[in-house]
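Only one structure is covered here, and it is reproduced in the block below.
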Amino acid sequence: MALTITNLRLISTTESPLPASSPQPTPLSLPPPTNLSPPPEPRSTPTIPTPPPTIPSPPITTSPPPSPTITEPPPLSPPAIMFPSPPPPPPAELQAQQLNNIIDALIGAGDFAGWANILSSTDPSTLPLSSTLFIPGNEALSHLPTDTATGMENFEAFLIPYHIVPQRLSFSDLQLFKTSTRLPTLLPSKTILITNNSLSNFTIDDSIVSHPDIYLNSAMAVHGIGAILDYTVYGGDFFAPPDPIQVPAPPQPVVPPFFPTGEIIGGRRNPLAR
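Structure below.
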């Protein structure tokens, strides 16, 4: 049925044409159908995210690691040398008694009374605890000028200290020293010279020791000499005080070798035996 109607419409259109006077309508030319698509959305500029503000961090200063501190130990000081404390000085009574004993010994010797008078007016505390006194005889003192007021010999101030050695030296100790050995005295920078150390002619400053060991104890020694010691000739000059005297050790006796005599050695008679 539908097919028939379409054919009829085609026939009628061809049979009755439109009048010539009337313009034929221009067929509308429709543009080809286009696929309508929604207009493109405007392309938006991509939003670049703004980075957060950079907060500057404080500068990191990398300091080198601290070098190890080497603490050096303090230098070792040498151990303190502890010297024994000196013995206390003897009481004044003991010093006076010792001086009186020396005076008595000089008077008893019979030739030293002049020096005994000098020592009797001496302060005992001025003598060292250990000392040796060399005492000139009366003959030697007679050559000194005499004070007319007192009748006593005029002693030079340096004379008596020069005759005292601040160390006890018995006559056997003196014999251990060699010739030209110097002995310190109480007179600063002046010494006594040993000029001969023979047993029979022992001399100091060329003055013979005529009366050895007039007085002798554990602290004092007194020897009689034939002349006054002259420090201007033999004393010598020393800018520093001499060292303490080291008494030499006595020589060891020589023991001869022993050979047996008249004995049997190894079953045989000793050929050295006679």
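So in full-length UniProt numbering, the last spot in the sequence shown is 274, and the numbers never skip. From the three backbone atoms N, C-alpha and C, an ideal C-beta is built for every residue, glycine too.
Separation of residue j from residue i, as counted between CA atoms
{"i": "F202", "j": "D111", "result": "19 angstroms"}
{"i": "N197", "j": "L174", "result": "8 angstroms"}
{"i": "E156", "j": "L229", "result": "12 angstroms"}
{"i": "P253", "j": "S200", "result": "21 angstroms"}
{"i": "residue 300", "j": "I103", "result": "Outside the shown range of the chain, which is 1 to 274, sits residue 300, and nothing can be said about it."}
{"i": "S120", "j": "P188", "result": "24 angstroms"}
{"i": "residue 287", "j": "Y231", "result": "Residue 287 lies beyond the stretch modelled for the chain, which goes from 1 to 274, so this question has no answer here."}
{"i": "P87", "j": "Q95", "result": "In this prediction, P87 scores a pLDDT of 49, lower than 50, which makes its location untrustworthy; the coordinate-derived value is nonetheless stated afterwards. Answer to the nearest angstrom: the Cα atoms are 14 angstroms apart."}
{"i": "L159", "j": "L176", "result": "26 angstroms"}
{"i": "residue 278", "j": "G236", "result": "Residue 278 is absent from the structure shown; the chain starts at 1 and stops at 274."}
{"i": "I107", "j": "N101", "result": "10 angstroms"}
{"i": "I204", "j": "Q97", "result": "29 angstroms"}
Proximal residues to residue i (C-beta, below 6 angstroms), its chain only, five neighbours per side dropped
{"i": "P212", "result": "F171 and H223"}
{"i": "F134", "result": "H163, H223 and I225"}
{"i": "P241", "result": "The predicted position of P241 is uncertain, since its pLDDT is 48 and thus under 50; no value can be drawn from it."}
{"i": "L99", "result": "P124"}
{"i": "I208", "result": "G226"}
Rounded Cβ spacing between residue i and residue j (contact assumed at less than 8 angstroms)
{"i": "V165", "j": "P184", "result": "7 angstroms"}
{"i": "T132", "j": "A221", "result": "5 angstroms"}
{"i": "L169", "j": "R182", "result": "Rounded, the Cβ-Cβ distance is 13 angstroms, inconsistent with contact."}
Assigned exposure category for residue i - 16 Cβ within 10 Å defines buried
{"i": "G151", "result": "Annotation note: pLDDT 49 at G151 (below 50); position unreliable, coordinate value reported separately. It is exposed - the Cβ of G151 has fewer than 16 other Cβ atoms within 10 Å."}
{"i": "T122", "result": "exposed"}
{"i": "A105", "result": "buried"}
{"i": "K178", "result": "exposed"}
{"i": "T191", "result": "buried"}
Proximal residues to residue i (C-beta, below 7 angstroms), its chain only, five neighbours per side dropped
{"i": "L186", "result": "P161, I164 and P166"}
{"i": "D206", "result": "T195"}
{"i": "T4", "result": "At T4, the pLDDT of 47 sits below 50, so the modelled position is not reliable; the number obtained from the coordinates is stated separately. Answer for T4: no residue qualifies."}
{"i": "A219", "result": "L129, S130 and R168"}
Any C-beta of chain D under 8 angstroms from that of residue i
{"i": "L183", "result": "You won't find chain D in this structure, because it holds only one protein chain."}
Q) Would you say the region 135-142 touches the region 100-118, given that touching needs at least three Cβ pairs under 8 angstroms? A) yes
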